[in-house]
Structures are given as C-alpha cells and as structure tokens.
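K.L.:
Protein chains in written order, with our numbering: chain A, 355 to 767; chain B, -15 to 947; chain C, 42 to 138.
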Amino acid sequence: MPFGLLKYGFARNYPARGLLPPATELKPRYDVVIIGAGGHGLAAAYYLATRHDITNIAVLDKGYLGGGNTARNTAIIRANYLTPEGVAFYRESMALWAGLSDEFGLNIQYSTRGHLTLAHTDSALRTARWRAEVNQHLGVDSELIGPDEVSRLCPSLNMSRETRYPILGALYHRPGATARHDAVAWGFAEGAARKGVEIHQHTEVTGIDIRSGRVTGVKTSRGPVQCNIVLQAVAGSSSLVADMAGLKLPIRTIPLQACVSVPMKPFLYPIIVSGSLHVYIWQTARGELVMGGATDPYPLYGTRSTLDFKEGLMAHILELFPFLSEARVNRQWAGMADMTPDFSPVMGLTPIENYYIDAGWGTWGFKATPIAGFTMAECIAGTRQPPLIEPFRLDRFDDFEQVGEKGAASVGH
Amino acid sequence: MTEDRLAPPYGVMLDRSKAVRFSFEGREYRGFAGDTIASALSANGVWLLSRSFKYHRPRGILSMNGDDGNCLVQIGPEPNVPADRQPISEGLRVTGQHYKGSLRRDRRRWIERFSRFLPVGFYYHAFFKPRGAWDFWEKRIRATAGLGRIGQAAPATEFDKAYAFADVAVVGGGGAGVAAAIEAAQAGSRVVLIERQQLLGGSLNHARFDPASRRGIDTAKALATEMDALGEHITVMSDAVCTGLFADNLLAVTSGNKLTKLRAGSVVLATGLIEQPAVFANNDLPGVMLGSAVQKLLWLYAVRPGRRAVVVASNSDGYGVALDLDDAGIAVEAVVDLRYTIAGDSLIREALDRGMRIIHGYAIERALPNSAGTHVAGIELRLRPGQESGPESRNLECDLICVSVGWAPAAGLVAQAGGEVAYDDTRCAFRIVSSPDGIVPAGAVRGEWDLDAAIADGRRAGRHAAAGGRHDSAIDEPTVTPESNPWPIFDSDKGKAFIDFDEDLTPHDIENSIAEGFDDIELVKRYSTVGMGPSQGRYSATNAVRLTQILNREPLGGAAGWTNRPPTEPEKFGLLAGRRFEPQRLTPMHHHHEAAGAPMMLAGDWLRPLYYGNDGESAVWREVTAVRENVGIIDVSTLGGIDIRGPDAAEFMNRMYTSEYSRQSVGRGRYALMCDVSGTVIDDGVACRFADDHFYVTTTTGGSTAVFRSMLWWNAQWRLDIDMSNVTGAYASVNIAGPKSRDLLAPLCPDIDLSPDGFPYMAVRRGRVADIPARILRVGFVGELGYEIHVPASRGAALWERLTAAGHPFDMCPFGVEAQRILRLEKGHIIVGQDTDGLTHPDEVCMTWSISERKPFFVGGRAIEMHRRRGVARILVGFTLPAATKILPEEYHLVVRGDEIIGRVTSIARSSTLGHPIGLAYVAPDQAEPGIEFTIKGPGGRLIRATVSELPFYDPQNLRQAT
Amino acid sequence: MKILHCPLNGPRNIQEFVYGGEVTTMPDQDAGSDSEWTDYVFLEANRAGLVREWWLHVASGYWFIAERDTSTDEVVRTFAPDRRAVGGRAPDPTGRS
C-alpha cells in the first residue's frame, strides 16, 4: 500500500487538506481578472502566481469551478499533431503534464496508455505517415504501424479485412495519455489559491469596461471589479465574452457530445481513434468506456443530448469492437466547442490593450491545459506573444496565416 | 433447494403451468415463465446476487425495479444484466460478477478491512510518487475494477429499429398513465402508452391503498375496461422502457432487441415514483429491501420475501407493506415508525387492529448480519435522544427489513427535456417545478400520490396533452404528496451505512468531500463519484442532496440535484447501433472487377479496383505498360458529374471555377479548378460545353456532393437562370487510354468522327458508343490518346462488356487506381486531396495558368489576389531520384532543410516508362527551379537527395495525347 | 432528432438537412478592403440568440434560411432565400439581374 494513504488510516478524523479554497468576498480591485475558472483560466492563474509572482488575481466563473468543458471533455492527452506549430506546442504541454501530480501533490491520474489513430483508407495512411514524420522530426514519439502491430497493441480490435472500414494500419503515439480531468482543475486551483489567488464561483461577468482601447475592469453579477489586465478563458462562450469587449472571433460554437458505459472488466488499454469512423474510445481505471465522436452538425449554445449522436457513435464503435453490442451506455452529455477555421486555438494579445484571449479550443482544449496556462501567463507577464503561441495569434486570419491542422482533415480523393 | 411460492392470487406475472429451468453460479434452479432472475432465485432462497463495486460487499434485491445497481449479473458474454428485470428462460446460465473465487466467498472481501486507508477520493492522494508510479498502480487498480466481463466472441444478437408516431405518447402505464391515455384517446388522439412492466397498472398491481386491499385491483380493472372500449386508439408498448426524451418529443423506447424512435405531438409523463432507501449501518445487506420491492415480490411473483420481517416506516406505505406481509402469512416482528408524530389513517388503524407491534421513538442503529455476513439476521434500534420510554437499545430478530421512508419522483425524462426539478422543503422530496411545452407530468411523479387524485390528474393530463400540452399551468400545486422522511440518515460506528450503493459511498465520504472544499453538489459528485454508477443517482441523489445542503448550511428548499442525463437507464450499444447501415457505392461494372479478381480500395463511399489480378506490383507495371504501349480501360464512374443548363450556364461556370468559360466553344472541354472563398483549392474536373446553355462538369470522386451543394448555395444567392443536377450516379464512365484507343473505338462509334481533326484533344462529343448513347470527352489524365466515355448507369456494365470484347484483338488491359496514379504522375497531373491540402492555393501548385484575369469575379478570386500580394511560401514541384535508388521515400515523407520542415512528398512512384523514380513535392520557392537539389527525409530518417524536374516528366510536348 | 420545417418540403427530421453557416453579405469584389474580405471569410457573429442561417434540404437540393435561437435551438421561422433575406445586396459582381 502506498504510504500516502497511511495518514487516512491512522488519523482519528479525516485529515482534509482543503483542496478547494472557501468562498470569500469580492474585492473592488485586482491586478488581473481571469474570466473562466476552468482548467485554462486556473492554470494561467497558477503560473502567474508561481512563475511570475503575480498573485493579486481573481478568477471568476459563472458556474462552479471546472464545470465547463473541463468537466465535459474525454480527458485524452497527446501531441501527435500535424503541423510543426501544433506539435511543438502540445509536446511542451505533455512535458508539463507528466510533472503535474508531483507539482500539485495530487494524483491527477496521468496514465500513459498509448494512442492509436486507425487508418482505414489509403489517404488516411498517408496522413498518418505525415503526422508520424512531423512528430519524429520534432522529437515526439509517433510511428506508422501495420495491422499486425495494431492487433498486438489492441487484441480486441476487429481486424477483419472484410469489414466496411478495414484497419490498414495506424499512427501509434506511445506517449498518448489520459488524466482525471476534474483533478487537473482542482490541482491548479489549490496551487493558485495557496499563493493568494482568489477563485470566485457563481460570479458571472456581465460587462467589460474599456477606456481608450484599454481594459479597466469588469462588471459582474456581484458588482464591478477594477483591474489592469483581463484574460478571457471561457471556451464554449468565447464569442459571447469577446463580444462584451467588442471583439469578433473566428469561432463557431458547436456542441461536442460524449458518453460513458456501465463499468466492465478492463479489456482495452490504449486510446483508440478512428478518423474515418469519427470515434474515439478508451477505458477508465474504473472500467467505464469513454466514447466520443465528431462535433454536432450545427452550432448551439447548449449542452442538450441527442439520440442521433448516440446511434451514430455506437454503430461506429461496433465496427471496431462488434462484441460490445451487449455493453450498456450509462450516461451521455455534451460540451460546447469553439471551432476555428484552421482547427487551432486563438491565443495571446488582442487589439485591446491588456485584454488577453485564450480561445478557439475546439475539441483539443483539455490536452493543452497546462501549456495554455503557462504561455498565457508568460504572455501577460511579458506583455508580448511568446514564440510557442505566435502561430496562434488572433490576427493571423488578417493575412491568411492559418495553421495547417485542417490539412489532417483534408478529404481523400 | 425447493421453491416456495404463495398461492394465487399472488404471482400475477407467473404462468405456473410452465416450469423453467436455469442455472445460477453453476447450480440448477426452477422458476416459472414470467419470473425474473431475481424473483426465481429468491423463490429458491437465493438472495445473494452480486458484489459491490469497491468493497465487494454482498448485495441482493433492493428495488425489484430493474434499475438499481445491486443485482447486476452476468449472462454468458453479457455483463451488468439487471436480474430483477431480465426474465428467465429455459437453460439460461446466469452467474454473479465482480468477484474472485465464488460469489459466496469472494476473495476480494479483504478490501473492506482496509477501507480506513481508502477514503473518498483516495486515489487522488497517493500512487503518484515517484513520477510515473501511477502507470504501475493504475494497472493494478484496473485489475480489480469494472463490474461484469464482456465476452469478446462475435455477437449473436441482431438489433432492430423502428419508427413510430403518436399524437400523444404516455410514458408509464400505472393508474395515472392509463387514465391519461384513456382521456387523450377519447379526445381523438392516437395514443401510444409505454409501460416498463409486462403488465399495465404499475403500483395498482402491488401497492396497498386500503385495509381490504381492494382498491388497487378494482381500479386497475375499471381502467382496463375503459381502455378496452377505446380499442385501437391506444397502442400499448409493454415491457418497454423510455430511455430518453429528445428535442421535438422524440422518445427512445427500448424493448427487447428493438429501439423504437417514437415521435409524439405531446407527451404525458406518468413515470411514478422511485422509493428511496434509508441510510443506516449495513443497509446494503441482502434482506434489506425497499417496501415496494417486497410488495412486488409478493404480488407479482408470489415470492415470500422472508420469514420474519421488520418494517421501517416513515409513511403509511410502510403499514401497507406490513399488512401485505401479514396477509401472506409472514410474521411481522414490528413496524418501526421513524416519525415523531403519526397521523392515523386507515392502514395504520388496520395494523393496530391486527395487534401489530409498532415501535416509536427509536432510530436505526444497524442491520445485523447472519454469521456468514450474507443476509440480514436482525435489526438493532437505539433510543432517540429525548425519548425516555424504553431501553437504550433494542435488538429484533428478523430475516427481512422492509424500508418505506419516502419517495423521489422518477423525473429523469422531465429534467432531460429541460424541466426543472428541485427539492421541496415542505414535502421533503424532490418535485417537478416546471415542464417544457408539450410535456405534461401526471400523477405521482407530479406529487399526486393519493390514488384518486393521481388518476384524476392523469385524466387532466391526458386531456391537456390531447390539446397540445402547451404551458402546463397545473404544474405548480399538486394536492397530495407522498410522505417522505426528511432525514432518513442514521449515523453509527457499528458498520458502514451506504448513501450510494453503486459506489459504496457512506455519509462520511460526502462529508469528507465537503471538507476538502467541494461544496457545490456537482463538485461533490465529481469528487466522491456519488451518482456515477449504474443507477445514476436514482437511489442516492435525494439523500446526497439532503446531506450536502445540510453540511453546507444551505437551505434544502429549492436545491437542485446534479444534472440529469440520458439514458434513464442503461441501454445496450447494439440497440443504439441497430443494423448499422453504412452506405457503400458500387459502380455498375463492379461485378466485372470482382470477377477479374481486383482487390478494392475505399475512395469516399466508393469501392475502386486497385489493380487486376493477385500479383500486386507486377500487375500494376503490366497495366502501366499496356496503357503506354497499347490500350487500357479504367472504370471512372466514381468521378462526379454535374449538369448545368440554362441561359446563364456559362456565367455560372465563370463564377464557380477559376478559368473563363463564356468563350469556351460548344464541343470543347476545359480544365476546371474550384476554390473556396479563402482561395483554397477544393476540387477539379473537366467542364464540357455541349451547348451554349449546357455544361457538364466532372468532379473528383470524393468531391461531387460538396461541390454540388456549394453550387446550389451560391446560386441560391445569385439567382442565375440555370438549373443544375448532380448526375454522378446517373452515369457510368470509363476511360479508354493508349495509342490504340482510337483504333479500338472507331468501329464502335459509327456516328462519331474520331479523326484527329474531327475530334481533337480536349474536344467533347455526344453520340453512340457500341449503340449506347454516350458523352465522350477526349482528355488525357494519363497522358496518352484517350477517351472518357460517359453512358447512362444502366448501360455501364454493357459498355464495359462491349469494350472488353472489342479490346480483345488489341490486347486491351483493364487498369486500376494504382496504375492510374503512376500514369498521371508521369504526366505531372495533380490529385486534389493528395497533392493539395486544406490550405493549398492555386499558385502553390502551378495552376496560375488556370486562373482567368478577364473575369470580374469568381469564388476565391479576391483571396487568391491577396495571396499573390503576399507571395507563395511553398511550391509543388516535380522531382526525380537516381534510378539506382533502392529505398524510396514514401508519400508524405518530409522535405527538410537542416532542422526545418520545408514541405513533403505528395506523390512518388518508380516510373517504369522513364526508368527512374519520380514524384511531386512541396519545396521552398527558392528551391523550385529545375536542376536544384533538395533533401527528403525518407524511411528511417535517411536523408535522400532529390532533383527538381520540369513537369510533365513524360511527353513534355504533349505529342501522345494530342495525336 | 429535431424537426425542421423546410419551406419546400414541410416538416422533416433534421438529419435530412445540412447546416450552411450564418447568412452574411459578401463585400464588394473590388471596393471591399482586405480586412472586410478576411472578416467575410473567417469571422462569424456566433451570437447566442436569434440568428439567420443557411440550411440545405439534401434530398431536394434546396437551400433556405432559418431563423434559429442558438441558445434554445428553437427554430422561429424558415423561408425561401430572396434578395432581402440574404442581406440587402446579393453578391453579384457583374451587376446582372
């Protein structure tokens, strides 16, 4: 038994560490206001406080801590992107991820499972090779593997060539991992709060004060707050908050649904993704299958569930694992994804002085949590765009400098 | 073990004439047709059905509702089957699940002894040092996790889907639901009534409403008579569960192996109540059951739930249970009434009249286990503070504890549909506060618990739903609500008390979560996992919310639970997937390719031959050679085709594609490149002008649908005078290519002048080929004299056959996608999607020539102009490698310069025609001149030098295709 | 599965339709500034509330406009696209019709 548990066994009363700070009054003024107490906002607060000694920070959230997309994602972490910009960014993110449990003293359950992107077509194989080559070139462990190796890594996959979508190979990303999504937010929250950062849940920002092109404060459901700097980190509501600041974003808000099964004895260790089938699936330490697919077919500011999603997803899951027809779905849910035209985030400076943005997180925001916080803290402390997120600057669309991640999604002929 | 059943009228579900044998944990048992696994086993004295998730505690029947997590069993490859819902069948082999050794002697029982070391969220606080340790520990924790085991053999079951329609759907066939169905039908609506049991009536079949136990049955009979008179106006779906209620009243209804998608004008939700457990030490022991479960065992299955019972009651329902037990000849040791004040009603008076022992002023200390720890053997009570009328503690012997302490509305569907459910302080239970338009809660779920009131409410709801069900004004004040104990939670240090059975959570776990700072109920849920198990909080949310609010010193009234999500109970993947229809498109010549032994590849939805024969590489080379030296034929039916007709056809083409089409002559074809508004290349094809007002434009195989939609969209705005249709599937096409193609075709095309002058390169004609009406395009994708012949799809196979026959003397060879890729590469033609990506603009792929400067507008034109001002950052070039190169780079290997990624190889092949490898690659603009060398990072990271070459590689003067 | 009322085909399951983006106005081909063009290409209002958007009934190839509340998913009305609906001036750079 790990020693960490001994204190619980031998203490008379439960030795609570007080992971999340108790609620406090809102002060009239802070140096920095961060809108959004999700993983990204809390990570930015944490790194501002721990790396840049900026601690007079209020993190505001209209709901509960980590209750937006941090609570709703499917917890997959990887760096096997297509573009050098994307790979470099997520590579740094994974380096941070691996040390977070230690840094927090909280087990965020970072599990290196390996990540397989299945290729069912010739063009998918080509794209897999492209990603593998770019990854390797930048020091990320990815390779294109054949069907035999796929089968060895995941023996329960249906490898028949007679199916509608035969598995021709896969992009194998050995460091692909999962983490307990909620715990990440809690770890950042606890660490930030210890440094004096205030986290105000159920405190909605209703307006942003801008004078002469410079942000001066925010209006909230609990009264006005003055500040020098604002960071918005509200994936899912990015356009709405940006609109309060007078900014228009290259973002479409589209629900992303997922579901989870009743627990079963573990049979699946790696993360399995199929682009052609629009599914991904992995099994938690509790034995639940976590499953998701493509975003909804049209935009919505809502998290309702649909039957169509579940029907399509299950049909495709059964292509890969036909024996799962007797497994049971226990719960489905949805988050709201900020979809950008180039499948890449929007980060850093904005046309408004001291107003910073962390948005456009589409379906890939969770895996970026530490590095997004880290680079946004760097951006705010240094009032300039750090090189790692230079490609993700908001004004790239003004001169067609899109990031090429969409290339991975380019259609076959 | 012999089964022991009560005589009729007990056991309405059973067909006692049909004995059914089945096995559980390897032992044979006998039940009756109509039994569930749980009822049949309990009739045989088997009460231990499962082991709990974390501590492996013995568990058995809790609700007999089919939706709790306490009696999940394994049937062959199928895990997590609710034993209290699944019927038995002859020869069914059932086992327990989630144990090591045997269900009875689970070797993982030791885990509970270490529970002090495994507090709520224990895994957050350990297992992570040193770095990477979790990867080790997780595998060990995984090994003990999960519930049942999924079998990995091929599935045996077929699943189906059906669509159904109703004016009014009524979910729940209890008294209120049936009454609603009757009223709605009488109002002229087509009604579908959905009931989870096989029998309509709900609690009328098992609950006790009066001392004589007549009202339930009499009411059910009266309603049945009324319903029968309405005949086909009401469709009953019994043994069917509504698992979800989605937008615009789409109901997911599962029954057996079928998912019915029911669309309803309005919906009555008469889903009733879920009885809630009390929280006390050992409240999970088999033999501790909800009162309603006991009544179901008695009335539905004729099972004696025990020999000697103690009823724990906070309402008169508990007395109903006691009377039912007494009537069935089961000793009622006592009714322990937990209330401080007891309002006498007819059931209580009856119990008193029968001389039942009623104990007041005591709280529950714990359930006492038998020596094996697998069943209840008694109950220990303790005197409440302030009560001085008896001994401090009392022990009662019993083998059954019936818990009747309160109810929660089965409001999952209302909540999913957007209704609000909140805790009502005065009623000590959750209550539906609002319901969306078109969705009408009725009866007990709305708080109407008295039988007459519930049925009256059902009738009201039925009428309201028949009228559309908008704005359910009656929602705010139910007249009678069930009695619920406001605090059925008893602390004890004499055993574990469970607030969530699925997750083995105790009140201390909730308390400790709050102590960690997780104050919001959603955060409590996330940290403690309360409500995350198979029953999704149906049996834990009420108590968890009560506890959380009290510990947070927040008011209970108005408190909401955590967000309710579909499904209302677990649904099989197979039900959702159905028969898995996946569209797959086959060309009219597909069977000929199969007969020729061609392996197929997926291209969009289409299947295309890779090559012919089974000798792979040599087949491809043979096919390439045939085309270059002789003649070949390829099925190109997968290419898209769009007809554009009307006075504005040329103007429309001008706007959609980059070239200029207004000056294109009739009878000519022209390359057609399409961009989107950002100037990105998205498709290409050939535009054929068959008349002033008629263009036929081809698209890539994967592109036709998107291209056609885009065309429709633009013209919805432009309103040009054209008509367009996507004729992709209406035509079958082949390409005959090679120096002998003209000779081959000539005899088949008597009405077409095939001479070089009569039908020159890039001309298009209409006529007959082998007597089949055809559109013929003289194009040169593969770089030889060639004709693309498009015929009605119905004639495609005939065309293939006729051409194959005619090709015989010429040694014509069919060729597949592989050979075509090499041939077109030799000719330097790009494939959109392979040689382009999501950001490619025309100047990068040397398509500048295809962009007209004379047009005022085309889609993407302005963006292309802006791209030009910025200059290109990469250029697609042809390259060659020395003939001796042994290991070739592969497609999408990188072009590098030092550490920098410059571009990638998009196409590569060994050219048998040219005798050396050739390819296309993106390079930096300063590397684009022919003769310049650049570096490819090939297999295994090997750096390979390539030389930029002029395009095309083959026949640069176009002598061959233009002959 | 929602129901969408196609102006041409009546109420149909939403699976029969394809979403086509917000209704926007293309800037003038020549007079429009670069930033007007990039805004047109990349930016969307993405409002929470009533939005005009393009929908295609796939089977019949019919594009129409829906007014939908993007916070409730309620479709308030659908109608055939005409000049006015598309936003004042259709993108017709040639000046025809």
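For every residue, glycine included, the Cβ atom is placed at its ideal position computed from N, Cα and C.
Owing to the predicted nature of the structure, the values given are computational and were not obtained by experimental measurement.
1. What's the call for I534(B), buried or exposed, on a 16-neighbour Cβ count within 10 Å?
2. Could you check whether Q182(B) and M(-3)(B) sit closer than 8 Å to each other, using their CB atoms as the reference points?
3. In this structure, how does DSSP classify D668(B) when only helix, strand and coil are distinguished?
4. Reducing DSSP to helix, strand and coil, say where A138(B) ends up.
5. Determine the chain E residues that contact G102(C) at a beta-carbon separation under 9 Å, and present them in chain order.
6. Mind checking I871(B): buried by the 16 CB within 10 Å criterion, or exposed?
7. If you check the beta carbons only, do V551(A) and V569(A) fall under 8 Å apart?
8. Assign W104(C) to buried or exposed, taking buried as 16 or more other Cβ atoms, counted over all protein chains shown, within 10 Å of its Cβ.
9. Going by alpha carbons, who is nearest to L184(B) out of T255(B), P195(B), V152(B)?
10. Just to confirm, is the Cβ distance from C386(B) to G275(B) under 8 Å?
11. Quick one, which of I326(B), V316(B), A580(B) has its alpha-carbon nearest V294(B)'s?
12. Can you tell me whether DSSP reads N189(B) as helix, strand or coil?
13. Cα separation between L492(A) and A473(A)?
14. First and last residue of the alpha helix (DSSP H) that includes K280(B)?
15. Is the beta carbon of V296(B) less than 8 Å from the beta carbon of G302(B)?
16. What does D75(C) reach in chain B if we use C-beta pairs closer than 7 Å?
17. Please classify L25(B): does DSSP put it in a helix, a strand, or coil?
18. Could you tell me how far apart the beta carbons of I439(B) and A160(B) are, in whole angstroms, since I believe they sit closer than 8 Å?
19. Only counting the same chain, and skipping five residues up and downstream in sequence, which positions put a Cβ closer than 6 Å to that of S138(C)?
20. Are the region 522 to 535 of chain A and the region 451 to 471 of chain A touching, with three or more C-beta to C-beta distances below 8 Å?
21. Between which two residues does the alpha helix (DSSP H) carrying R786(B) extend?
22. With a threshold of 8 Å between beta carbons, is G61(C) in contact with chain B?
23. Just how far apart, CA to CA, sit E849(B) and T832(B)?
24. Between the C-alpha atoms of R750(B) and R629(B), what's the straight-line distance to the nearest angstrom?
25. Considering just the uninterrupted stretch of the beta strand (DSSP E) at Y710(A), what are its terminal residues?
26. Among E9(B), P940(B), G855(B), L728(B), which residue has its Cα nearest to the Cα of V766(B)?
27. Considering only residues of the region 526 to 577 of chain A, which uninterrupted alpha helix (DSSP H) runs meet the minimum length of 4 residues and lie entirely inside it, listed in chain order?
28. Return the chain-ordered list of same chain residues with a C-beta closer than 7 Å to the C-beta of E558(A), the five sequence neighbours on each side being excluded.
29. Are there 16 or more other CB atoms within 10 angstroms of the CB of H535(A), so buried, or fewer, so exposed?
30. Ignore the nearest five residues each way along the sequence and tell me which others in R130(C)'s own chain have a CB closer than 7 Å to its CB.
31. Put R944(B) into one of helix, strand or coil per three-state DSSP.
32. I need the DSSP call for M340(B), collapsed to helix, strand or coil.
33. Do the region 399 to 408 of chain A and the region 659 to 668 of chain A touch if we need at least three Cβ pairs shorter than 8 Å?
34. According to DSSP, is C659(B) part of a helix, a strand, or is it coil?
35. Taking 8 Å as the CB-CB limit, is M(-15)(B) close to chain C?
36. Between F120(C) and G90(C), what straight-line distance do the alpha-carbon atoms span, to the nearest angstrom?
P.N.:
Put simply:
1. exposed
2. yes
3. strand
4. coil
5. Of the protein chains in the structure, A, B and C, none is chain E.
6. exposed
7. no
8. buried
9. T255(B)
10. yes
11. V316(B)
12. helix
13. 22 Å
14. 275 to 285
15. yes
16. M850
17. helix
18. 6 Å
19. With a pLDDT of 39 at S138(C), under the threshold of 50, the modelled position of this residue cannot be trusted, and the question is left open.
20. yes
21. 780 to 791
22. yes
23. 11 Å
24. 16 Å
25. 709 to 713
26. P940(B)
27. 535 to 548
28. K416, T574, S575
29. buried
30. Residue confidence for R130(C) is low, a pLDDT of 43 falling below 50, so the modelled location carries little weight; the figure read from the coordinates is stated next. Contacts found: T66.
31. coil
32. coil
33. no
34. strand
35. Its pLDDT being 44, under 50, M(-15)(B) is placed unreliably in this model, and the coordinates cannot settle the point.
36. 18 Å
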